[in-house]
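One line per chain: the protein sequences are Y, W, P, D, G, X, B, S, Z and V, in this order.
Quick note on numbering: the UniProt record's numbering labels position 76 of the first sequence as 76, and the sequence is numbered without any gaps.
Quick note on numbering: the UniProt record's numbering labels position 140 of the second sequence as 140, and the sequence is numbered without any gaps.
Quick note on numbering: the UniProt record's numbering labels position 134 of the third sequence as 134, and the sequence is numbered without any gaps.
Quick note on numbering: the UniProt record's numbering labels position 133 of the fourth sequence as 133, and the sequence is numbered without any gaps.
Quick note on numbering: the UniProt record's numbering labels position 21 of the fifth sequence as 21, and the sequence is numbered without any gaps.
Quick note on numbering: the UniProt record's numbering labels position 44 of the sixth sequence as 44, and the sequence is numbered without any gaps.
Quick note on numbering: the UniProt record's numbering labels position 21 of the seventh sequence as 21, and the sequence is numbered without any gaps.
Quick note on numbering: the UniProt record's numbering labels position 103 of the eighth sequence as 103, and the sequence is numbered without any gaps.
Quick note on numbering: the UniProt record's numbering labels position 118 of the ninth sequence as 118, and the sequence is numbered without any gaps.
Quick note on numbering: the UniProt record's numbering labels position 82 of the tenth sequence as 82, and the sequence is numbered without any gaps.
There are 10 protein chains.
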Amino acid sequence: MTKTEMTAMILAAKEAKGKRWEAVAEGVGMSPVWTTSACLGMNSMSADQAAALCETLDLPDEVASALQACPHKHWDKTIPTDPLIYRFYEMINVYGETMKQIIHEKFGDGIMSAIDFSMDIDKEENPAGDRVVITLNGKFLPYKSW
Amino acid sequence: MTKTEMTAMILAAKEAKGKRWEAVAEGVGMSPVWTTSACLGMNSMSADQAAALCETLDLPDEVASALQACPHKHWDKTIPTDPLIYRFYEMINVYGETMKQIIHEKFGDGIMSAIDFSMDIDKEENPAGDRVVITLNGKFLPYKSW
Amino acid sequence: MTKTEMTAMILAAKEAKGKRWEAVAEGVGMSPVWTTSACLGMNSMSADQAAALCETLDLPDEVASALQACPHKHWDKTIPTDPLIYRFYEMINVYGETMKQIIHEKFGDGIMSAIDFSMDIDKEENPAGDRVVITLNGKFLPYKSW
Amino acid sequence: MTKTEMTAMILAAKEAKGKRWEAVAEGVGMSPVWTTSACLGMNSMSADQAAALCETLDLPDEVASALQACPHKHWDKTIPTDPLIYRFYEMINVYGETMKQIIHEKFGDGIMSAIDFSMDIDKEENPAGDRVVITLNGKFLPYKSW
Amino acid sequence: MTKTEMTAMILAAKEAKGKRWEAVAEGVGMSPVWTTSACLGMNSMSADQAAALCETLDLPDEVASALQACPHKHWDKTIPTDPLIYRFYEMINVYGETMKQIIHEKFGDGIMSAIDFSMDIDKEENPAGDRVVITLNGKFLPYKSW
Amino acid sequence: MTKTEMTAMILAAKEAKGKRWEAVAEGVGMSPVWTTSACLGMNSMSADQAAALCETLDLPDEVASALQACPHKHWDKTIPTDPLIYRFYEMINVYGETMKQIIHEKFGDGIMSAIDFSMDIDKEENPAGDRVVITLNGKFLPYKSW
Amino acid sequence: MTKTEMTAMILAAKEAKGKRWEAVAEGVGMSPVWTTSACLGMNSMSADQAAALCETLDLPDEVASALQACPHKHWDKTIPTDPLIYRFYEMINVYGETMKQIIHEKFGDGIMSAIDFSMDIDKEENPAGDRVVITLNGKFLPYKSW
Amino acid sequence: MTKTEMTAMILAAKEAKGKRWEAVAEGVGMSPVWTTSACLGMNSMSADQAAALCETLDLPDEVASALQACPHKHWDKTIPTDPLIYRFYEMINVYGETMKQIIHEKFGDGIMSAIDFSMDIDKEENPAGDRVVITLNGKFLPYKSW
Amino acid sequence: MTKTEMTAMILAAKEAKGKRWEAVAEGVGMSPVWTTSACLGMNSMSADQAAALCETLDLPDEVASALQACPHKHWDKTIPTDPLIYRFYEMINVYGETMKQIIHEKFGDGIMSAIDFSMDIDKEENPAGDRVVITLNGKFLPYKSW
Amino acid sequence: MTKTEMTAMILAAKEAKGKRWEAVAEGVGMSPVWTTSACLGMNSMSADQAAALCETLDLPDEVASALQACPHKHWDKTIPTDPLIYRFYEMINVYGETMKQIIHEKFGDGIMSAIDFSMDIDKEENPAGDRVVITLNGKFLPYKSW
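Laid out in structure tokens, this is it:
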């Protein structure tokens, strides 16, 4: 079973049961963002996490196996078109040099890891219009010299 | 005076005075991320903010004019190469569909604004290695139907 | 049912019944442009609108569900080839800097929203050849500073 | 004198005199959008229009000659990055097929001309936030058969 | 029936009957170039023309319907590879600026229409090797000012 | 002297003398299209032709040398943006397969040469709007087998 | 039968009979390089050549018809990846300007034809390692002036 | 002195002395193709070869140093535009798979080296038009297994 | 049987038997990296190696034939997206000029072969986190002059 | 002083003194590869390292400052052309999936760091031709789950 087939089965089961990602994540005991990314084939689960997910959504063992496979993270290169995703691409390009200046000033020469990394997505209620709040948290990795 | 010349003068004055972006921002009375982005030519300042910045760094009036001009936000299309910036591009592509699923589930059909938007960058001390924490905060904009 | 299958069913039913987009839109109680875009999978409908459309064209419930899903707005990047669509791409590039100058002069630093946005397409009769009149109406969004 | 040098001289004179594009256009006796596009080098003026512009802004004869030259309309291919301009690119791609369906249904097989074409940009005041209203008006050109 | 299926049926019938494009065009009462382009899905026919073509090649009514649909003119962007077609691309690029200079000098600022346009392809016999003669005929469209 | 410098000198002399391309070509004794292309650096002249051109426009000997050099025909790959030139690119793509079908049917397997090739540009007066008539004439080259 | 299906049938028959390209070419009475290119769909055969090939490999008449069709020479644009093919691309780019200098010096302004062209591939035995020897032979085509 | 400056000096001296590449190569004691490629900055010379070239063309020592530097072989990626060079690109793509089939059949799995490689360019006189004959000679390199 | 089908059968058999690449390689008597690359279709095996692999994994003879075929090494051009593979692309670009400087200084003008080449991948245990050690070993090939 | 100016000064001083990278690195007390990469502007030095380098090559203090700045690692996207560098790009693409399979099997889901990373380049003498040996050593980073 490929990751693509696995995702299709998970989405169908989730819709059939009327569960939201928060409920799915609670069943796995992990955060909604990470659980969703694993279900969409962009992260791998441990055996226990995969079993818990399959129990939550009544899915067969092959789904659990597919969830544990190391994913090939593949995407369409260049520029995303969906407006919701494009806006994040725009933020990176408008604020990329700013992030570089401030991180180097606070931490020195190195990068923010995209591997030892977590993300949370929250809703901030606001009378002028609710706001999306996304928190990115990554380990700072200094460049090695040798 | 172009935005590029303006940025060069600000960076030179900042280095000569040995000021960090936090001190510059404090002089303007705004956040470090936004202040930096305006100095790098990616946002425009009000007349008062521009005057405060020029006072903080002892810069002439033309810099204040240039800071108030509406920027043309231009960047190299496709894929950034600097490792620090590339990792953000990678995060968007690995988690793009996840963000789409979760934002639509929490808010409905629409996007997170990149215009009515703010960003903060903080340092989280951690014995296993300090962490970079970036908070993105944008208004949710529902699609209009007519 | 995917958006692509949904669009195929709507187009087939529309052709079989010999209805024009204006008649379809009237059945939904919305404008022809917005109704067409939702049928082509580029906007989502409310439950009531979707039900009205399915009644107008005698389509099953799955079409109504598909119409309510948040679309993934995907298109071929770079440059459109169809002459009718290319001419709009040409207009943007010929007049892009002009629009930027005039909008900034009239409204200040910000953008015209593509989300809180509507479009109308009309026919202006003219003895020297009829004219297409397209009206774009979008909320001005000023950049936030923080 | 190249179109690029011409544009730089016009922008400098306009800023020195503190004139808005509307005032410049009034001096020429044409609309603000078209006048701006000619000043930015994307359209050519007649001898009279060019003379009027140079009188309005106290500019030398070489500017008038440059304004009359047929421009080479050149732009960066692929995808614009400035957020204000990108949103128009996004509109075309989200609504491109919709425009094609509706124009063909109203007019038959053909295109909306980008040559026999005019554009206006207006401000619609609105308590929920002012709106930008752009009107595109182009002759319908039916495909010739032979 | 899509345009692609339509083209496949026409080519098969044409080959089965051993007819050349000239004979097909004669059956429709139009020129060979235009008739071929409509059969290849790049132009639309009137009801009468489509009926004549179907009679000439003994094809069913769905082909006639497909011939009348407004085509989506889609091609592979960037650079054609087939040597016969590439040479035309090369001609445009070698002589593009020359055509621009001469057309502007003869006609003023504007373009040669690709919509109100016809093309003929002839064979010129020549003892040093026969020659292909292609005639492009398009209406000159002056830019509108407003 | 490079071809670019040569072209700049020729264009300046042509404008100073108020000569049209037809008059320049007459001085050289060749056609306007070919003469223009050589002046723009896309073809090379014989010593006699180059001398005649320099006499016609009162230009120094270095221009004559530059006119005789074999040009490096270089252009911006992918898609032209100027509307006048783009329309020719569009014609090739809309009619490319049609030209291939008809040339193969009339001549067999081979191509129309872009080297043993000439082009003429004429004005056809027409009460409904003058028309541009371009004639392409190239030797048919059959593929060799061995 | 498409060229792709034709190639698949030829390769299968060739492998089943254990014939090398040299033997196939001998059956057709042509060179191995040209015969292979026609079998791979990049050149067309005469009726006699196609019949001989089908006899050599015991293939049906449809293969002979497909071999006679004028091919659409289509390839993946930009840069080949297979190391054997990439090295030829590298040779052209390293030696492209050299070939241009030497051919112009020996022949004048013009090109080496890729149509009136043949290629041979030989093995040169060498104790330090055998060598591949490829001979390209093309007619020189001078540019026409008019 | 960069390779670019070196090439400019060599070409100027060669033109001033009226020497052809064959004469230059004879002065160096190497072949015309290799000598030209080194002068164009695409290969490096030994100290003796560089000294001989400078003597032949009366050039200073810095040219000899620049000729010995290891070049950075840089070219414009994707597709060459000059017709003479493009035709070689076309040959590789039309015959690429053919070369792969025949070389593998004659030599086994491996490549033809572009490093242990030589090229010659000759003129074959022919009453039907002279022909360019290019010979590529490269060592066959079998893939190593381990 | 294509290389793609071959790879799918090998991976399925490997997973069913619970064998690691090291065990598979031991069965073939070659290194794990080379064996894996041949199984993934990027190198060809000798008849004996292919037979040994099929015996190790109980696979039919067609797999052995497919393993011996010369592969067409094809990959997605431009930039890899999977983070594990991208990091290698980043290393080449960050250290590319460094490798060029040091190899030329140690060996002279030439390249490191990617054909007469081997690679090993090892695990270096380390209390601060295990490390991946990759050794690339390629023959130095000096440029030939002639 | 920019990194580009810094590199030019270092290379000139290194050449004037006739020092090899190994000697420069010895002066800094670091490895040749890392020292070279910092001199080429792709890594930053500590104050002590930069001072040692400037002493070794008799360079002024501004060079030391420039060496300490955090670099913007910028390179030409897509595909390198220099044959020495291209071969590394080819290795990654030929062996990319192999590296992914073997690293995941040995270490689990994660990547090899390009930041906590070192590289060494050695010469292995060999009677059949010397060999380049490159060792890449990077920390394994497992994906975080949360």
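Glycine included, C-beta positions come from ideal geometry on N, C-alpha and C.
Start and end residues, alpha helix (DSSP H) containing residue i
i: D48/G; result: 47–57
i: L83/B; result: With the sequence shown as reference, residue 83/B is identified as Pro, and Leu is not the correct amino acid for it. Note, P83/B: alpha helix (DSSP H), 83–107.
i: T36/B; result: 32–39
i: G18/G; result: Neither: G18/G is in no alpha helix (DSSP H) and is coded neither H nor E.
i: D61/P; result: 61–68
Contact list for residue i against chain Y, beta-carbon separation under 9 Å
i: W75/P; result: T81
Secondary structure of residue i, DSSP reduced to three states
i: E125/X; result: coil
i: K139/Y; result: strand
i: A114/Y; result: strand
i: I10/Z; result: helix
Chain G residues whose Cβ lies nearer than 9 Å to that of residue i
i: T78/P; result: K77, T78
i: W34/D; result: K144, S145, W146
Reference residue i; option with closest CA among the options
i: G138/W; options: W21/Y, P142/Y, D130/Y, N137/Y; result: D130/Y
i: M9/V; options: G110/V, E124/V, D61/V; result: D61/V
i: P127/G; options: F140/X, K100/X, N126/X, E124/X; result: F140/X
i: K17/W; options: G96/W, R87/W, A47/W, L59/W; result: L59/W
i: M91/V; options: M45/B, D82/B, S46/B, M6/B; result: D82/B
i: V133/V; options: E125/Z, G96/Z, M119/Z, K144/Z; result: M119/Z
i: P80/P; options: Y89/D, H74/D, H72/D, I85/D; result: Y89/D
i: E125/Y; options: E125/W, F107/W, L136/W; result: F107/W
i: C54/P; options: D76/P, H74/P, A12/P; result: A12/P
i: I85/B; options: E97/S, R20/S, W34/S; result: E97/S
i: L136/D; options: P142/G, W146/G, E22/G, A52/G; result: W146/G
i: S46/V; options: P71/V, R87/V, A23/V; result: P71/V
i: S44/W; options: K19/W, W75/W, K144/W, T7/W; result: T7/W
i: K3/S; options: W21/S, K19/S, G41/S; result: G41/S
i: V94/W; options: K144/Y, W34/Y, A69/Y; result: W34/Y
9 Å Cβ cut-off: residues of chain B touching residue i
i: N93/V; result: T81
Contacts of residue i in chain Z (Cβ-Cβ under 7 Å)
i: F117/S; result: K144
Beta-carbon neighbours of residue i, restricted to chain P and to distances below 9 Å
i: K114/G; result: A quick correction: the sequence has Ala, not Lys, at residue 114/G. The answer, in chain order, is P83.
Contact list for residue i against chain X, beta-carbon separation under 7 Å
i: E90/P; result: P83
Contact list for residue i against chain P, beta-carbon separation under 8 Å
i: H72/G; result: D82
Contact list for residue i against chain Z, beta-carbon separation under 8 Å
i: I111/V; result: P83, L84, R87
Chain-ordered chain D contacts of residue i [CB-CB under 9 Å]
i: K19/P; result: Neighbours of K19/P on chain D: none; closest Cβ ~10 Å, over 9 Å.
Per-residue contacts from residue i into chain D (C-beta, under 8 Å)
i: S44/G; result: D109, Y143
- Task: May I ask you to verify whether the region 95–114 of chain Y touches the region 101–111 of chain W, counting CB pairs closer than 8 Å and requiring at least 3?
- Result: no
- Please determine if the region 11–30 of chain B and the region 64–81 of chain B are in contact, where contact requires at least 3 C-beta pairs separated by less than 8 Å. no
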